[in-house]
Amino acid sequence: MVPVFVYSPDEERPWAPGAASRWWLHHSLVALDAGLRKIGSRLVVQRGDSLAALRRCIRETGATLVCWNKLYEPAALKRDARIVAALDDDGVSVEQSNAALLFEPGTILNGQRLPYRVFTPFWRTVEKHLPTLLTPAKAPRKLPPVPRSVSCIDIDDLALSPEIHWDEGLAQTWTPGEAGALKQLAQFSKHIAGYPTGRDRPDLIETSRLSPHLHFGEVGPRQIVAALRHSDTGAARTKGVDSYLRQIGWREFAHHLLFHFPATTNEPLDQRFAKQKWRRSASDLRAWQRGATGIPLVDAGMRELWRTGWMHNRIRMIVASVLTKNLQIHWLQGAQWFWETLVDADLANNTLGWQWVAGCGADAAPYYRIFNPVLQAKRFDPVRGYIRHWVPELARLPDRWIHQPWAAPEAVLQRAGVEFDKTYPRPVLDLGESRKRALQVYSQLR
């Protein structure tokens, strides 16, 4: 067995990996190679056209079988179909398997044999099939050595790491690789009873943080299901496991939608929104990207993203709502920024999430989903710990005002050392007025 990785970003355009994803990929490959060497093998690294690289490896090894786990993004499906046809012409067998999802896209359909467009009935059907999942096999303890004659480049030659070292926060936050994934899963499993209530608190570490490990295949969803259900004892833990598996279901639903509606990476699923007129404001977009909107909860989330390559899911919804609803900036602008900065950037999840919040995707009801970041901060950052951590220039403001400093009396601002447009920006919008405009736009589209 010869383990091969081919880096071919041109085959993934227009959604080639962003900077944060490339950082993770570098360290994940290093970890994978080290793990293979411990059991007698090594990773063969190639760059360029995938078919050409595989044919070269086949010539050098005399291989008669090529195996891989499938990816389901539109570009990957087209590429793999081309490779399968070409290798078949060469007389080489191909075996494709599913490790990325619980079930193959296309196998979960409604009563009319059509794809689901609403999550809840989709998840009910998936839950019925969960008992049929095979238990993951144990990893091998030994593999045969890779012949020295097989050509290979160094992982560093892929130039995935940043030339300018902006990645300190990522390195302090994450441990890419299978070992890091399994350690994270074990830690989360210990505290899963608190997940149903804690998962909405960005100031607490109550979520799994497994999303980048899942995206890069360092752990699989069936492994997670098996691990959590094996440790499932007690009513509180059962509730926590069920609540978390529902989130795995959302990931599954995202891939289901992308498989059946591949154009949604750039176009709204709900075609009524194709005629929406979006605002163009480079200054507002940049303020949002840099965490300088003057809205503390939004700025906290965007700064967390820039520093760590990750953002709490509730905060993702809030910052996306402000961009698409209040600022009326196209959801693709936000999706592209997330794609560049998230370590867990996943095309299916990214597309579903942004269209869901923008109101133009599946399962969407925009009227009820204009998130108010002030009310959200009161409810889900009750002691304002999240805002104080990521927006320290406001840390001395009392809880009553820190999530809405524009409403604070001047004396309170002075005591806290807050001076608008010097220590902290004024809001780029009025939340109330911008909400009214968003509802007017939606009523016209409807």
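Numbering (my numbering), first residue to last: -13 to 432. Every residue, glycine too, gets a C-beta built ideally from N, C-alpha and C.
H246 and P395 have their alpha carbons spaced roughly 53 Å apart. Per DSSP, the continuous beta strand (DSSP E) segment holding N55 begins and ends at 51 to 55.
In this structure, the CA atom of K176 is about 11 Å from the CA atom of V227.
Of all C-beta pairs linking the stretch 125 to 134 to the stretch 367 to 374, fewer than three are shorter than 8 Å, placing the two stretches out of contact. Close CB contacts of A222 within its chain, under the 7 Å cut and outside five residues either way in sequence, are with A179 (chain order).
In the structure shown, V30 adopts extended strand secondary structure according to DSSP, grouped into three states. In the three-state DSSP reduction, I281 falls in the coil class, being neither helix nor strand.
Put simply, the backbone Cα of V52 is about 34 Å away from that of R232.
The shortest CA-to-CA distance from L100 to any of V205, L243, E(-3) is the one to L243.
Going by DSSP, F(-9) is part of the beta strand (DSSP E) stretching over -10 to -7.
Here DSSP, grouped into helix, strand and coil, assigns I234 to helix. Around the Cβ of Q173, a 10 Å sphere holds fewer than 16 other Cβ atoms; the residue is exposed. Under the 10 Å beta carbon count, R187 is surrounded by 16 or more other beta carbons and is classified as buried. Pairing I191 with Y181, the inter-Cα distance amounts to about 10 Å.
Residue pairing of R265 in beta bridges, as defined by DSSP: I315. Assignment of S83 by DSSP, reduced to helix, strand and coil, places it in the strand class.
Our two residues, Q257 and V104, have alpha carbons roughly 16 Å apart in a direct line. If the five residues before and after A344 are omitted, its C-beta is found closer than 6 Å to the C-beta atoms of T310, W317, all from its own chain and listed in chain order. Taking a C-beta distance under 8 Å as the contact criterion, I301 and L271 do not qualify as a contact pair.
Per the C-alpha coordinates, the member of T47, A260, Q319, G163 positioned closest to R432 is A260.
When DSSP reads this structure, F89 sits in no beta bridge, so it has no partner.
Judged by their CB atoms, R65 and L144 are not nearer to each other than the 8 Å cut-off.
Checking the DSSP bridge columns, you'll see Y410 partnered with F406. The stretch 341 to 403 contains no complete beta strand (DSSP E) run of 3 or more residues.
Only residues of its own chain outside the window of five on either side were considered, and among them H201 have a CB closer than 6 Å to the CB of D332, listed in chain order. Annotation for G4: W325, E326, T327, L328, A331 place their beta carbon closer than 8 Å to its own, counting only its chain and skipping 5 residues before and after. Taking a contact to require three or more Cβ pairs closer than 8 Å, the stretch -3 to 11 and the stretch 107 to 124 do not qualify as touching. Take P(-11), set aside five residues on each side of it, and the residues of its chain with a beta-carbon closer than 7 Å to its own are L22, S27, L29, V30, in chain order.
A direct Cα-Cα distance of roughly 17 Å separates V305 from R185.
Secondary structure of Q173 (DSSP, three-state): helix.
For S135, the secondary structure class from DSSP, reduced to helix, strand or coil, is coil. Listed in chain order, the non-local C-beta contacts of K169 below 8 Å within the same chain comprise T161, local neighbours out to five positions each way being set aside.
With contacts defined by Cβ atoms closer than 8 Å, V414 and P359 do not form a contacting pair. In this structure, E(-3) keeps its C-beta atom at 8 Å or more from the C-beta atom of A39.
Shortest Cα-Cα distance from G295 to any of W274, P282, W323, N312 involves W323.
In this structure, the straight-line span from the alpha carbon of L255 to that of Q400 is close to 48 Å.
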